[in-house]
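The sequence shown lines up with residues 0 to 480 when you count with numbering that gives the first Met the number 0.
Here a beta-carbon is modelled for each residue, glycine too, at the ideal position from N, C-alpha and C.
All values reported here derive from a predicted model rather than from experimental measurement.
All remarks here apply to the structure that follows.
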Amino acid sequence: MLSDTSYRDISRQSRANSKPIPYYKRDVTDRICDFDEYILGFDDELAIAEAERCLQCPEPQACTLSCPAGNDIPQALWHISQGEFIEAAQVFSATSPLPEICGRVCPSLCQQGCVLSRRHGPASIGKLEWFVADYAREAGALTINVPEAKTGKRVAVVGSGPAGITVAEDMAKLGHEVTVYEAWPEAGGVLVYGIPNFKLEKEVVGYKIHDLEEAGVRFVTNTRIGEDISLDELQAQYDAVFLGTGAGVEAKMNIPGEDLAGIYTSTDYLVRANVPQEKLPLEKQEKPQIGRRVAVIGGGDTAVDCARSSIRLGAEEVSIVYRRTEAEMPGNKTERGTCVEEGAKINYLQAPVEYIGDENGRLKAMKVIKMELGAPDKSGRRRPVPIEGSEFIQEVDTVVLAVGYWPDPLLSEKSPDLQTHKWGLILADEKVGATSRKGVFAAGDNVHGPDLVITAVAGAHKAAASMQQYLSGDWAAWPQA
Numbered sequence: 000m001l002s003d004t005s006y007r008d009i010s011r012q013s014r015a016n017s018k019p020i021p022y023y024k025r026d027v028t029d030r031i032c033d034f035d036e037y038i039l040g041f042d043d044e045l046a047i048a049e050a051e052r053c054l055q056c057p058e059p060q061a062c063t064l065s066c067p068a069g070n071d072i073p074q075a076l077w078h079i080s081q082g083e084f085i086e087a088a089q090v091f092s093a094t095s096p097l098p099e100i101c102g103r104v105c106p107s108l109c110q111q112g113c114v115l116s117r118r119h120g121p122a123s124i125g126k127l128e129w130f131v132a133d134y135a136r137e138a139g140a141l142t143i144n145v146p147e148a149k150t151g152k153r154v155a156v157v158g159s160g161p162a163g164i165t166v167a168e169d170m171a172k173l174g175h176e177v178t179v180y181e182a183w184p185e186a187g188g189v190l191v192y193g194i195p196n197f198k199l200e201k202e203v204v205g206y207k208i209h210d211l212e213e214a215g216v217r218f219v220t221n222t223r224i225g226e227d228i229s230l231d232e233l234q235a236q237y238d239a240v241f242l243g244t245g246a247g248v249e250a251k252m253n254i255p256g257e258d259l260a261g262i263y264t265s266t267d268y269l270v271r272a273n274v275p276q277e278k279l280p281l282e283k284q285e286k287p288q289i290g291r292r293v294a295v296i297g298g299g300d301t302a303v304d305c306a307r308s309s310i311r312l313g314a315e316e317v318s319i320v321y322r323r324t325e326a327e328m329p330g331n332k333t334e335r336g337t338c339v340e341e342g343a344k345i346n347y348l349q350a351p352v353e354y355i356g357d358e359n360g361r362l363k364a365m366k367v368i369k370m371e372l373g374a375p376d377k378s379g380r381r382r383p384v385p386i387e388g389s390e391f392i393q394e395v396d397t398v399v400l401a402v403g404y405w406p407d408p409l410l411s412e413k414s415p416d417l418q419t420h421k422w423g424l425i426l427a428d429e430k431v432g433a434t435s436r437k438g439v440f441a442a443g444d445n446v447h448g449p450d451l452v453i454t455a456v457a458g459a460h461k462a463a464a465s466m467q468q469y470l471s472g473d474w475a476a477w478p479q480a
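What follows is the structure, given as structure tokens:
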């Protein structure tokens with residue numbers, strides 16, 4: 000529900016002319032030497048000053064409407080402007096279980112709707128969310144309240160990333176017994192194993208997992224559904240099952256030389272580079288063996304994360320190779336600029352066509368072809384077209400492939416009645432999250448493909464609400480996915 004801001008006695012004209020308050024960041028020469036968080040955010044005084052820029056717009060409030068989770072942003076920023084930081088954190092937490100995480104990694108879609116963008120720049124909503132969430136955490140105010148009386152219903156959540164965490168919390172708050180299954184050794188999913196530490200410190204995710212455990216949620220790690228336990232077995236033990244397994248299988252380019260030593264997939268690379276050894280299976284505990292020159296293939300946020308990780312691992316030359324122009328490049332523009340600021344180069348309108356190895360089977364170069372843009376494809380972006388005769392050789396020691404992700408096919412292979420799309424995405428009703436199997440719900444990247452943390456949260460909230468209706472016996476019939 001949107002806040003009534005019309006009564007607030009403020010000068011909207013003076014606020015409209017205000018400029019963004021800079022937040023603290025570590026110096027480039029300092030931050031590229033380690034994997035610690037590089038943004039330090041606001042202190043109390045700066046947070047209040049930045050929140051005071053908010054116009055407290057009457058309806059429609061474009062910031063709230065632009066947030067997939069529907070955060071009541073004007074109300075939260077009003078609390079911050081009054082120095083009421085815990086109250087602000089509670090506003091964010093009412094619609095998102097991950098304010099301390101979304102504040103760090105979300106591209107802040109809300110800011111794109113901020114009216115202040117028309118002049119000097121939007122309110123720094125994401126950084127303010129981050130600030131108050133951390134403040135409330137340190138004050139012990141970010142707790143999950145669960146009812147003493149339990150329903151007796153048992154819910155299984157598969158995957159402990161953003162979607163799984165959201166459903167687990169929503170179900171626990173309703174009094175259900177919740178068990179979360181995670182394939183990795185540590186709970187957190189992509190938040191731990193996909194996002195670099197310099198953007199999201201692992202301990203921040205750990206705090207959230209601890210809160211859920213304190214609320215009675217049980218985590219079972221090192222357990223892959225379809226391998227260690229089947230979906231049939233889960234349904235036999237639980238009253239409802241949620242699938243939030245994400246999209247963690249790497250897409251390949253299938254070009255010659257892709258199996259040479261020195262070529263990594265992005266997930267394997269980021270996991271080895273960023274995650275502490277004690278959180279990894281034995282076969283992934285060795286750090287990436289990189290050379291002096293690293294090329295990252297792809298153009299999204301993952302490619303940027305890999306390039307920035309390479310710089311921190313000591314590479315002297317780091318380039319991102321992207322087959323379109325910057326105008327078509329997906330991902331966060333600010334993060335991309337930060338990557339260049341830290342020393343990476345972006346080579347547009349180029350694509351590798353072959354990887355070349357030495358006599359020992361190790362990568363030493365790649366053949367690259369130049370591209371030009373043709374007619375738009377199904378995504379609306381102009382299709383890259385190779386320019387005949389434009390090939391050249393680029394010497395590289397390490398290549399990281401960041402060209403896309405798909406869901407793990409194992410679950411659908413072992414459960415043929417769980418309907419999927421052509422590329423393995425689970426077929427689920429977009430309004431209620433119901434799959435083709437009665438009692439099984441799904442949301443997040445395994446339904447719509449790789450997307451934002453906040454998008455997974457929003458979809459998971461819908462699925463959790465539907466699960467509650469199902470568990471309460473309010474559905475006359477199972478929806479057709």
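task = For chain B, find out if any of its Cβ atoms is closer than 8 Å to the Cβ of Met-252; answer yes or no.
result = Protein chains in the displayed structure number just one, and chain B is not present.
query = Using a Cβ-Cβ cut-off of 7 Å (strictly less than) and excluding sequence neighbours within five positions of Arg-136, which residues of its own chain qualify?
reply = Indexing the sequence shown from 1 puts residue 136 at position 137. So the qualifying residues of the chain are Glu-99, Tyr-206.
query = Okay, do the stretch 42–55 and the stretch 88–106 touch, 3+ Cβ pairs below 8 Å being the bar?
reply = Counting Cβ pairs under 8 Å, fewer than three are found: no touch.
request  = Out of Arg-30, Asn-331, His-78, Pro-106, state which residue places its alpha-carbon closest to the alpha-carbon of Glu-51.
outcome  = By 1-based counting over the sequence shown, the position of residue 51 is 52. It is His-78 whose Cα lies nearest to the Cα of Glu-51.
request  = Can you give me the Cβ contacts of Glu-285 inside the same chain, cut-off strictly under 8 Å, excluding the 5 residues immediately before and after it?
outcome  = Counting from 1 along the sequence shown, the entry for residue 285 is found at position 286. Excluding residues within five positions, the ones whose Cβ falls inside 8 Å are Arg-271.
key: Short Cβ contact (8 Å threshold) for Pro-19 with Gly-120   = Locating residue 19 in the sequence shown gives position 20, counting from the first residue. Locating residue 120 in the sequence shown gives position 121, counting from the first residue. Going by C-beta atoms, Pro-19 is nearer than 8 Å to Gly-120.
task = Work out the CA separation of Arg-436 and Ala-462 for me, nearest whole Å.
result = For the purposes of this step, residue 462 is taken as the residue at position 463 of the sequence shown. For the purposes of this step, residue 436 is taken as the residue at position 437 of the sequence shown. Distance between the alpha carbons of Ala-462 and Arg-436 is about 14 Å.
request  = Just tell me which of Ala-214, Ile-228, Glu-213 has its CA closest to the CA of Thr-220.
outcome  = Taking the first residue of the sequence shown as position 1, residue 220 is located at position 221. Measuring from the Cα of Thr-220, the nearest candidate turns out to be Ile-228.
Cβ-Cβ separation, Ser-318 to Ala-302 (assumed contact under 8 Å), whole Å = Counted from its first residue, the sequence shown places residue 302 at position 303. Counted from its first residue, the sequence shown places residue 318 at position 319. So it is not a contact: roughly 11 Å between Cβ atoms.
query = Since Tyr-268 is in the alpha helix (DSSP H), which residue starts that stretch and which ends it?
reply = Numbered from 1 along the sequence shown, position 269 holds the residue referred to as residue 268. First-last of the alpha helix (DSSP H) with Tyr-268: 265–273.
ask   = So what's Ile-345 in DSSP terms, helix, strand or just coil?
value = Reading the sequence shown from its first residue, position 346 is the one you call residue 345. It is a strand residue.
message = Give me, in chain order, the residues of the same chain whose beta-carbon lies closer than 6 Å to that of Glu-176; leave out the 5 immediate sequence neighbours on both sides.
response = By one-based count along the sequence shown, residue 176 stands at place 177. For Glu-176, where only same-chain residues beyond five positions count, the Cβ hits under 6 Å are Arg-153.
ask   = Is it true that the CB of Thr-178 sits closer than 8 Å to the CB of Arg-117?
value = Your numbering for residue 117 matches position 118 in the sequence shown. Your numbering for residue 178 matches position 179 in the sequence shown. Contact flag unset, no.
inquiry  = If I follow the unbroken beta strand (DSSP E) through Ile-319, where does it start and stop?
reply    = Locating residue 319 in the sequence shown gives position 320, where the first residue counts as 1. Ile-319 -> beta strand (DSSP E) spans 316–320.
task = Using DSSP bridges, identify the partner residues of Pro-375.
result = Taking the first residue of the sequence shown as position 1, residue 375 is located at position 376. In DSSP, Pro-375 forms a bridge with Arg-381.
ask   = Just to confirm, are Gly-297 and Asp-396 a CB contact at a threshold of 8 Å?
value = Taking the sequence shown and counting its residues from 1, the one referred to as residue 297 is at position 298. Taking the sequence shown and counting its residues from 1, the one referred to as residue 396 is at position 397. Contact flag unset, no.
message = Output needed for Ser-465: all residues of its chain with C-beta closer than 6 Å, excluding positions within five of it in sequence on either side, in chain order.
response = Translated into positions along the sequence shown, residue 465 becomes position 466. The beta carbon of Ser-465 is closer than 6 Å to those of Val-431, Gly-432 in its chain, skipping five residues each way along the sequence.
ask   = Just checking my contact of Ile-386 with Lys-369 at CB under 8 Å: how many whole Å lie between their CB atoms?
value = The residue you call residue 386 lines up with position 387 of the sequence shown. The residue you call residue 369 lines up with position 370 of the sequence shown. Contact holds; Cβ gap of about 5 Å.
query = Taking Ala-15 as the reference, which of Phe-41, Leu-115, Tyr-22 has the closest Cα?
reply = Stepping through the sequence shown from its first residue, residue 15 is reached at position 16. Of the listed residues, the one whose Cα sits closest to Ala-15 is Leu-115.
query = Can you name the residues that DSSP bridges to Met-365?
reply = In the sequence shown, counting from the first residue as 1, residue 365 sits at position 366. In DSSP, Met-365 forms a bridge with Tyr-354, Gln-393.
query = Taking buried to mean at least 16 other C-beta atoms within 10 Å of its own C-beta, is Ser-378 buried or exposed?
reply = Here residue 378 refers to the residue found at position 379 when the sequence shown is read from its first residue. Counting Cβ neighbours within 10 Å, Ser-378 comes out exposed, since fewer than 16 surround it.
task = Measure from the alpha carbon of Val-439 to the alpha carbon of each residue in Ala-250, Phe-241, Gly-336, then state which is nearest.
result = As a first step, residue 439 is located in the sequence shown; it is residue number 440 there, counting from the start. Nearest C-alpha to Val-439: Phe-241.
message = Can you list, in chain order, the residues of its chain with a C-beta nearer than 7 Å to that of Thr-454? Leave out the 5 residues immediately preceding and following it.
response = Residue numbering aside, residue 454 sits at position 455 when the sequence shown is read from its first letter. The residues Pro-67, in chain order, have a CB closer than 7 Å to that of Thr-454 in the same chain once the five nearest residues on each side in sequence are set aside.
inquiry  = Does the contact criterion of 3 or more C-beta pairs under 8 Å hold for the stretch 274–285 versus the stretch 398–408?
reply    = The stretch 274–285 vs the stretch 398–408: no contact.
inquiry  = Based on DSSP bridge pairs, tell me the residues matched to Met-370.
reply    = By 1-based counting over the sequence shown, the position of residue 370 is 371. Residue pairing by DSSP puts Met-370 in a beta bridge opposite Pro-385.
ask   = With burial defined as no fewer than 16 other Cβ atoms inside 10 Å of the residue's Cβ, what is the status of Ser-414: buried or exposed?
value = Position 415 of the sequence shown, counted from the first residue, corresponds to residue 414. In the assembly as shown, Ser-414 is a buried residue. Its beta-carbon has 16 or more other beta-carbons within 10 Å.
query = On the premise that Glu-282 lies in contact with Ile-481, defined as a C-beta separation below 8 Å, what is that separation, rounded to the nearest angstrom?
reply = Outside the displayed range of the chain (0 to 480) lies residue 481, so it cannot be described from this structure.
key: Residue(s) in a DSSP beta bridge with Trp-405   = Within the sequence shown, the letter at position 406 stands for residue 405. In DSSP, Trp-405 forms a bridge with Val-248.
task = With Thr-178 as the anchor, note down where its beta strand (DSSP E) starts and where it stops.
result = On the sequence shown, position 179 is the one that residue 178 refers to. Annotation for Thr-178: the continuous beta strand (DSSP E) segment containing it runs 176–180.
ask   = Out of curiosity, what's the CA-to-CA distance linking Gly-403 and Ala-148?
value = Locating residue 403 in the sequence shown gives position 404, where the first residue counts as 1. Locating residue 148 in the sequence shown gives position 149, where the first residue counts as 1. Distance between the alpha carbons of Gly-403 and Ala-148: 45 Å.
ask   = Which of the three DSSP states, helix, strand or coil, is assigned to Met-0?
value = Walking along the sequence shown from the start, residue 0 turns up at place 1. Here Met-0 scores only 48 on pLDDT, less than 50, and its place in the model should not be relied on; the value that follows carries that caveat. Met-0: coil per DSSP, three-state reduction.
task = Taking only the alpha-carbon atoms, compute the straight-line gap between Ala-122 and Leu-190 and give it to the nearest angstrom.
result = As a first step, residue 122 must be located in the sequence shown, where it is residue number 123. As a first step, residue 190 must be located in the sequence shown, where it is residue number 191. Straight-line Cα distance between these residues: approximately 26 Å.
ask   = Would DSSP call Tyr-37 helix, strand or coil?
value = Start at 1 with the first residue of the sequence shown, and residue 37 comes out as number 38. DSSP places Tyr-37 in coil when its eight states are reduced to three.
message = I need the straight-line Cα distance from Glu-394 to Leu-312, nearest angstrom please.
response = Working through the sequence shown from its first residue, we reach residue 394 at position 395. Working through the sequence shown from its first residue, we reach residue 312 at position 313. Computed Cα separation, rounded: 19 Å.
ask   = What is the residue span of the alpha helix (DSSP H) that Ile-453 lies within?
value = The residue you call residue 453 lines up with position 454 of the sequence shown. 452–470 is the extent of the alpha helix (DSSP H) around Ile-453.
query = Is DSSP giving Leu-64 helix, strand or coil here?
reply = Translated into the one-based positions of the sequence shown, residue 64 becomes position 65. Helix.
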